[in-house]
Amino acid sequence: MKPSGQNGIGTVTSIVHQLSLNENFAPPLPGVRTAAEAALDTLNLTPDPFSSDLVARVAEHHGVAAERVLAGVGSGALLQQFLQVHAGRAPRWCTPGRRSRCTR
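Residue numbers are given in numbering that gives the first Met the number 0: position 88 of the sequence shown equals residue 87, and the series is strictly consecutive.
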């Protein structure tokens, strides 16, 4: 965070970079740009919801069975899936954040 005002004393701070936005102000690496350009013809198609190819490649890279790899849209979604599977029949659990919600 960077102070916005003279000397930064008694002023409100402004956010210079917020990691939770998944933004990066550096340009993409050449390999990323090439892969994105190669995918332009299929961007209109719904991707594999199970990320089968990604899961297989990660499992192979780490030398584990594909059943031990879980892919998701973000850490929050993966944690929610984990809780749903392992929390048992809890009467209620809540997730924090801007869009916090409770489940019964």
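For every residue, glycine included, the Cβ atom is placed at its ideal position computed from N, Cα and C. Keep in mind the model is a prediction, meaning the values are calculated, not measured.
_Can you look up LYS1 in the DSSP assignment and give me helix, strand or coil?_
Only weak support is given to the placement of LYS1: the predicted model assigns it a pLDDT of 48, under 50, and the question is left unresolved by the model.
*List the whole-angstrom C-beta distance separating ALA70 from VAL84, where the pair is believed to meet the contact cut-off of C-beta under 8 Å.*
For a cut-off of 8 Å, the C-beta gap from ALA70 to VAL84 is around 15 Å, too long to register as a contact.
*Would you identify the three-state DSSP class for THR94, choosing helix, strand or coil?*
Judged by DSSP in its simplified three-state form, THR94 adopts strand.
*asked:* What does DSSP give as the partner residue(s) for ARG100 in the beta ladder?
replied: Paired residues: THR94.
*Give a yes or no on whether the C-beta atoms belonging to PRO67 and ALA58 are separated by under 8 Å.*
Per the sequence shown, the amino acid found at residue 67 is Arg instead of Pro. For the 8 Å CB-CB criterion, ARG67 and ALA58 form a contact.
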